[in-house]
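Here the structure comes first, spelled out in structure tokens, and everything after it is commentary.
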Amino acid sequence: MPEQSAAAGNSLATRRRRRLTGLVVLVVALLLAALASVAFGERNIPLSAVWHAIFTPSGTEFDIIVGALRIPRTLLGLAVGIALGVAGALMQGHTRNPLADPGLLGVTQGAAFAVVLSITVFGMTYVSGQVLFAFAGALIASAVVFALGSVGRGGATPVTLALAGATISWLLLGLTSALVLLDQRGMEVYRFWRIGSLARSEYESAATVLPFLLVGLVLAVLNTPGLNTLALGEDIAKGLGQRVRLTRFVGLGAIALLTGSAVAACGPIAFVGLVVPHIARGITGADYRWLVPYAGLLGAILLLVADVLGRVLAADRFEVGIMLTVLGAPAFIYLVRSVRLVRL
Amino acid sequence: MSVDTRAGTTKGLAVGGLGLRLRWRTILVVGCAAALLLLAVAAHIGLGSYRIPLGEVFEVLLGGGAESQRGAVLDVRLPRALVGVLVGAALGLAGALFQSISRNPLASPDVLGITWGASVGAVTVIAFAGSYGQLSGFADGVGVPLASLLGGLLAGLALYGLSWRRGIDGYRMVLIGIGIAAVGANLVFWLLTVGDVQVAARAMTWLTGSLAAAGWGDVPAVALAVGVLAPLTLFGARVLGVLRFGEDTARGLGVRVNLSRTVLLLLAVLLAAVATAAAGPIGFVALAAPQIALRLCAVAGPPLGASMVLGATLTVCADLAARTLPGVELPVGVYTAVLGAPYLMFLLIRSRREARV
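Note that the protein sequences, when read in sequence, are chains A and B. Residue 1025 is where the first sequence starts when you use this note's numbering, and the numbers rise one by one after that. Residue 4 is where the second sequence starts when you use this note's numbering, and the numbers rise one by one after that.
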């Protein structure tokens, strides 16, 4: 017996070491991606000039490109990628559904509806106003979904949450289509907003949602042990003394904040949040304490790489949302076919 | 609707009479939904800028009525209502099949990419054929449905082919579907930004799903498809019921799991693709009809027949709203969710048990 437990302890230790190594590798990969995102683009900037622009800026042309365009864009991609990856992992955990993307809570459609509403009804023309409207719409929609999904005796269950989210999303999509079809100004903005881009945002206004994003990240990390217990089933979690409703509330709050700020800052880039948790789960297994950070890092890497490739290969003519799916979806399908799936 | 069906939902389930009780209840639900459907079709034909009383609607349908009424009913309103019924039925059935095969309530033709494949086809034609003024008759009447049918079938074949790996596995199929849907959706969004805003608006009308242009020309193809495919799928109902217990049990009971999944999946793809080609991707029906049906019938998985009838009912009611509400006429796809979502939410909130799929 002692030998066995020693062996088990040993394998646990190796597994933890392997997971930690993986985390370090991902961080390094993310740094490289961020560096590439600063250096490559329509004009490639040599590394020495990047160094110069970051540490001793003196107003050269490269300094301005790096400081005013590339670094804000890279930081935005970094923040949004992490947010969507983490939110996606939490969302799939709470609904226990592999089809759940971070927008399932009504976040994406709520934001879309609010953006279109702000233009068609309130005549909003400023991008900064759009960001705020989108964020408010996202939060309101997800609050409604959470409320509807948790009415009833048992509180929010995975199935009621998923269905409530999908239903409210369809409802908002219907209303959005109505507004867009009735008012061409709405259509003009909506069709570009819908793709999701890192390029068109006004970076200062995008930064207004950053504090919410950080709060969401903290909540997400706090939520992971609870989510592990919830994965055993609600009854067992209750039996183990977990406050199920509180865990759900914290988790869904984190998802709403993370996805809401991501969508408000650069439109819906749902694919990241949908795909990344599946990849992360394949590496780490179902332990959310590891799955969530892996998903966040992978999300940021994926988004930055897609953005860089979009700039390099297509001279920034395709938005990041398109590059992401055109490159990412075939890779994802290949992965799903070739790797043994780790199920939810 | 809630009044009629409520009578059947008040009692719990007795294990002894389980089979019989369920069957009666399903029959009751289908009957009520069919009655409501008939009423909605009659209202669809009777209401509008030119009103025809209910009695005279039936008179015209049976071959009588005044000449002016016959024109309005038979040439304009009846075909549109019929296409609505058929498309709704096809979507409801396809949704029930997808949800059953993948055992996931969120799996609908949209999420799995069939609809997005169809949309890529249609929007490509709209964007490139329509960039010089209006769509010409041929491109509009034949090109768009044909392109959308091709796109939908291609997406369906891709879904099937890529999911196949020594058999079809529901979980893998769902993930592959996500990938296909993402590619299709983003291609559509990109196509929307290429042309000018009028083209985008026209594409958006198609993308919302509209029955406004439906006429007799659309009826035969959809009727043929639904008429042939629906009975075939209903034979699979038993297999789906057994598959719910898990693959191994199903094999043990003598079901050829992969063969039946393959056939049912292809039928579902065909149904969804034909429906989308006829009326555009009318949203929410494929998701909602099976979920409403399974809650009303109180069964473990989406019942095929009830999903079909409820899909038709939801679509026709939504089109009734689209046609008769004052103001600018909006496509039917706007109303399916507006009408269906509150009802599904109501059912979700009311059902005490955890829903299963």
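Built from N, CA and C at the ideal position, the CB exists for glycine as well. Because the structure is a prediction, the values reported are computed rather than measured.
If you check the CB distance, residue 228(B) and residue 93(B) come in under 8 Å. Rounded to the nearest whole angstrom, the C-alpha separation of residue 177(B) and residue 66(B) is 49 Å. The Cβ of residue 185(B) sits closer than 8 Å to at least one Cβ of chain A. Per DSSP, reduced to three states, the secondary structure at residue 55(B) is coil, with no helix or strand assignment. Counting the other Cβ atoms within 10 Å of the Cβ of residue 1068(A) gives fewer than 16, which makes it exposed.
Taking 7 Å as the cut-off between beta carbons, the residues of the region 1118-1147 of chain A near chain B are 1121, 1122 and 1123, in sequence order.
Here the region 1217-1232 of chain A lies against the region 1153-1167 of chain A, with 3 or more beta-carbon pairs under 8 Å apart. Inside the region 257-285 of chain B, DSSP marks no whole beta strand (DSSP E) run of 3 or more residues.
CA-CA distance, residue 75(B) to residue 182(B), rounds to 45 Å.
With respect to residue 1164(A), residue 1320(A) sits apart: the two C-beta atoms are not nearer than 8 Å. Segment contact: the region 1300-1319 of chain A against the region 1282-1290 of chain A, fewer than three CB-CB distances shorter than 8 Å; contact not assigned. Between residue 266(B) and residue 246(B), the gap from beta carbon to beta carbon reaches 8 Å or more.
Under the DSSP assignment, residue 337(B) falls in the alpha helix (DSSP H) whose first and last residues are 335-353. Scanning chain B for C-beta atoms nearer than 7 Å to the C-beta of residue 1208(A) yields 200 and 204, reported in chain order. Within chain A, 1357 and 1361 have C-beta atoms less than 7 Å from the C-beta of residue 165(B), given in sequence order.
The Cβ of residue 1201(A) sits closer than 8 Å to at least one Cβ of chain B. Using a CB distance cut-off of 8 Å, residue 265(B) does not count as an interface residue toward chain A. With a threshold of 8 Å between beta carbons, residue 328(B) makes no contact with chain A. In the three-state DSSP reduction, residue 1356(A) falls in the helix class (H, G or I). Separation of the CB atoms of residue 99(B) and residue 234(B) is rounded to 15 Å, and the pair is thereby denied contact status at 8 Å. 1249(A) is the residue among 1284(A), 1280(A), 1278(A) and 1249(A) whose C-alpha sits nearest the C-alpha of residue 1267(A). Residue 1184(A) is classed as buried because its beta carbon has at least 16 other beta carbons within 10 Å across all chains shown. Residues of chain B whose Cβ lies closer than 7 Å to the Cβ of residue 1218(A) are, in chain order, 192.
Among the residues facing chain B, residue 1302(A) is included, as its CB has a counterpart in that chain under 8 Å away. Residue 295(B) is positioned such that its CB atom lies no closer than 8 Å to that of residue 335(B). At a cut-off of 8 Å between beta carbons, residue 1078(A) makes no contact with chain B. For a cut-off of 8 Å, the C-beta gap from residue 289(B) to residue 86(B) is around 16 Å, too long to register as a contact. The Cβ-Cβ distance between residue 104(B) and residue 159(B) does not fall below 8 Å. Judged by beta-carbon spacing, residue 340(B) lies beyond the 8 Å limit of residue 281(B), meaning their Cβ atoms are not closer than that value. Shown here for residue 208(B): same chain residues with a beta carbon closer than 7 Å to its own, the five before and five after excluded, namely 334 in chain order. The residues 1276, in chain order, have a CB closer than 6 Å to that of residue 1170(A) in the same chain once the five nearest residues on each side in sequence are set aside. Neighbours of residue 1295(A) in chain B, taken as residues whose beta carbon is under 8 Å from its own, are 185 and 189 in chain order. Listed in chain order, the non-local C-beta contacts of residue 1199(A) below 8 Å within the same chain comprise 1137, local neighbours out to five positions each way being set aside. Within its own chain, the residues whose Cβ lies closer than 7 Å to the Cβ of residue 46(B), once the five positions on either side in sequence are excluded, are 323, listed in chain order. Closest by C-alpha distance to residue 1303(A), out of 1362(A), 1139(A) and 1338(A), is 1362(A).
The residues 55, 59 and 63, in chain order, have a CB closer than 8 Å to that of residue 72(B) in the same chain once the five nearest residues on each side in sequence are set aside.
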